[in-house]
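Its first residue numbered 1, the sequence shown is counted upward by one per residue in the working numbering. Yeah, the Cβ is synthetic: ideal placement off N, Cα and C, and Gly gets one too. To start, the structure itself, in structure tokens.
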Amino acid sequence: CPWMAMNALDSLALELKEHNNEISVDDALIEQAMLPLNRMLAFSEQLKRMKQGAA
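Here is the structure:
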């Protein structure tokens with residue numbers, strides 16, 4: 001993804017240190033956004049377990 005490639009480690013470290021680009025999100029939107037994120041994490045965990053079982 002070209003957008004992810006723009007995120008260099010030094011700029012990430014600077015952001016974590018200075019908090020200049022904070023984004024506020026409504027609680028209801030956070031709750032909705034967590035659904036697909038949790039699905040992706042569950043899928044990743046399932047895939048990891050399948051690979052471990054095949055090894």
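* To do: Confirm the yes/no value for this check: CB of Ile30, any heavy atom of the ligand COA, distance under 7 Å.
  => The ligand COA is not part of this structure, which contains no ligands at all.
* For Ile23, which of helix, strand or coil comes out of DSSP? -> coil
* To do: Could you tell me the boundaries of the alpha helix (DSSP H) in which Ala13 lies?
  => Leu9 to Glu18
* Look up Met6 in the DSSP assignment and say whether it is helix, strand or coil. => coil
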